[in-house]
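The block underneath contains the structure these notes are about, expressed in structure tokens.
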Amino acid sequence: MLDPKLLRSDLTGVATALERRGFVLDVAAFAAWEEQRKAVQIESDRLRAERNANAKAVGHSKAKGQDAGALLVVGESLAEQLQGVEKRLEAIQAEVSNLQLGLPNVLHSSVPEGRDEAANVEVRRCGVPRQFEFLPKDHVALGERLGMDFEAAGRISGARFAVLTGNMARLHRALAQFMLNLHVADHGYREAYVPYLVHGTALQGTGQLPKFESDLFAVRGDPGFYLIPTAEVPLTNLVRDQILAPEGLPLKFVAHSPCFRSEAGAAGKDTRGMIRQHQFDKVELVHIVRPEDSYLALEELTGHAEKVLRDLELPYRVLALCAGDTGFSAAKTYDLEVWLPSQQRYREISSCSNCESFQARRLQARWRNPATGKPELVHTLNGSGVAVGRALVAVLENYQQEDGSVAIPSVLSPYMGGLTRMAST
RNA sequence: GGAGAGGUGGCCGAGUGGUCGAAGGCGCUCGCCUGGAAAGUGAGUAACAUCCUAAAAGGUGUUCGUGGGUUCGAAUCCCACCCUCUCCGCCA
């Protein structure tokens, strides 16, 4: 959510800033609602103050044993007036809040201009794609003999699911373990185990609700839950409604979790293989930082995700997402893309964002700034460190041998009981 | 799932219809005392919204788990829900 004070004081400035994303803010409608809100709230505050004073007078009068009959009549009429005004105020505030929750974050000045992914800017490239002596297979073809089973998954759950067995399942687990250990041991993260079912409030805090409900799986029951689309949701919500001590910052959390996405808008996209699934695993990184540190933290966090790919010796590149391609809650985002030989191109494997105070405001996540002594909003960042399913795909494809076996990256070997090559399940 | 107890400020805890944003304590901040510290002692110490303002100051409102209700007036009475604890049942 954007700062409501900013929306009042510089609405056209905000509208101009959001235009960069291609987002159109209806300035006139917004201003009209705001004007109404102000008028009705002033009236409501006035009536309440009057009612409070009157009620107090009744108390004093009764204490002295005087007749308070006249005051009671006044009070009755005030209560009646208040009821109507409060109802109107409530309706207006709901409308204003709805409008506010629909506004995306304002972009950082360093975000490149552009409408869509074609305008994303490559920041750097690491590693050189391997030259194959043979025609490289894709992970589906490779996985067929090595324990990746889409047919079985289809029987159980339908499209966009995978079953892994044997060494393939183990390699998947090895990747997650390796990433967790790296971030905990070398990058100073605190490991967290978090709920995979969350309520709507948590999702509103991180920005998925109310606007993107169709991307989520809702679970029936009372109370209803949503399946998390990323561990960013529970991890960032760890600081909801908290006032953090300055010496406790930054907080750095890492969690391995499954992620669940309806992929409602992705019909026909990446239908083959494990690239786009309803359920996939991810190791997620979250930083809670002082506002002045957040852009340094974004570089740091992105570097931590990159280290995973470097240790796995996978070629990748880093993109600065352009204005039109940056997500709703983010002020700035770097995507990491890993090389996939079968597609002869780089594919997203991590997304690292600085949300500044956008999520913190929705979460009421604050810290006590020693400079002012006041609670102020923190900045939140999140990034994949990295997507496990896609990392598995990248390892299979980049480490494949001509005979259809797959070499195990040396950093994963210890997690595979010393195995260096996967030839069968 | 059944029975019971409870949810009050950064923390503990008093408060059963009016003068309660809330006693007392702890913690914290500033001062006094001290060579310095501890002890002692004095003062201060919630958040949010909104109005006015360049800002500060200030005004008003809201907040005692959450939402509704009763009342001129609710931390206090009524209803629903959520959460925590104890016991029982079931279970990994």
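All residue numbers for the first sequence refer to the working numbering, where the first residue is 28 and numbers rise by one.
Beta carbons: idealized from backbone N, C-alpha and C, even for Gly.
Inset, instruction - Can you give me the start and stop residues for the beta strand (DSSP E) that T407 sits inside? - result: 406 to 414
Legend entry - Helix, strand or coil at F307 [DSSP, three-state]: strand
Inset, instruction - Go ahead and label E364 buried or exposed: buried means 16 or more other beta carbons lie within 10 angstroms of its beta carbon, across all protein chains shown. - result: buried
Legend entry - Spatial distance of S284 from A229 (CA atoms): 16 angstroms
Legend entry - N381 - DSSP class collapsed to helix/strand/coil: strand
Inset, instruction - Could you spell out where the alpha helix (DSSP H) holding H210 opens and where it closes? - result: 193 to 212
Legend entry - Length of the line joining the Cα atoms of V313 and R389: 16 angstroms
Inset, instruction - Return yes when the Cβ of V54 is within less than 7 angstroms of the Cβ of T43, no when it is not. - result: no
Legend entry - Backbone CA spacing between V41 and Y216 [nearest angstrom]: 35 angstroms
Inset, instruction - Kindly confirm or deny that the segment 345 to 354 and the segment 429 to 444 touch, where touching means at least three C-beta pairs closer than 8 angstroms. - result: no
Legend entry - Bounding residues of the beta strand (DSSP E) (the contiguous stretch that carries V365): 359 to 367
Inset, instruction - Say whether the segment 401 to 408 touches the segment 379 to 393, bearing in mind that this needs 3 or more beta-carbon pairs closer than 8 angstroms, one atom from each stretch. - result: yes
Legend entry - V133 - containing alpha helix (DSSP H), residue span: Taken as a continuous stretch (DSSP letters only), V133 belongs to no alpha helix (DSSP H), as it is neither H nor E.
Legend entry - the segment 263 to 270 / the segment 295 to 303 touching (three or more Cβ pairs under 8 angstroms): no
Inset, instruction - Could you name the residues that DSSP lists as bridge partners for F280? - result: R217, V313
Legend entry - Given L419 as reference, the closest of R197, V345, A282, L243 once Cα atoms are compared: R197
Legend entry - With 16 other Cβ atoms within 10 Å as the buried cut-off, status of S36: exposed
Legend entry - Sequence ranges, alpha helix (DSSP H) only - wholly within the segment 96 to 133, length at least 4: 96 to 128
Legend entry - Cutoff 7 angstroms; reference P131; Cβ partners in own chain excluding five residues on either side: L45, R48, F50, F355
Inset, instruction - Report all residues from its chain with a CB closer than 8 angstroms to the CB of E122; omit the five preceding and five following residues, and keep chain order. - result: W60
Legend entry - A421, buried or exposed, once every other Cβ within 10 Å from all chains shown has been counted against 16: buried
Legend entry - Residues bridged to M175 (per DSSP): L191
Inset, instruction - Inspect the beta-carbon positions of V148 and E218 and report whether they are closer than 7 angstroms. - result: no
Inset, instruction - Quick one: measure Cβ to Cβ for G410 and L328, integer angstroms, because I've assumed they're closer than 8 angstroms. - result: 5 angstroms
Inset, instruction - Return the Cβ separation of M206 and V335 in integer angstroms, given the expectation that the two are a contact with Cβ distance under 8 angstroms. - result: 5 angstroms
Legend entry - N-terminal and C-terminal residue of the alpha helix (DSSP H) that A55 is part of: 54 to 90
Inset, instruction - Under 7 angstroms Cβ to Cβ from G292, same chain only, skipping five residues before and after it: list those, please. - result: none
Inset, instruction - Would you mind giving the Cβ-Cβ distance between A347 and S377, rounded to the nearest angstrom? I have them listed as a contact below 8 angstroms. - result: That belief does not hold up - the Cβ atoms of A347 and S377 are roughly 14 angstroms apart, past 8 angstroms.
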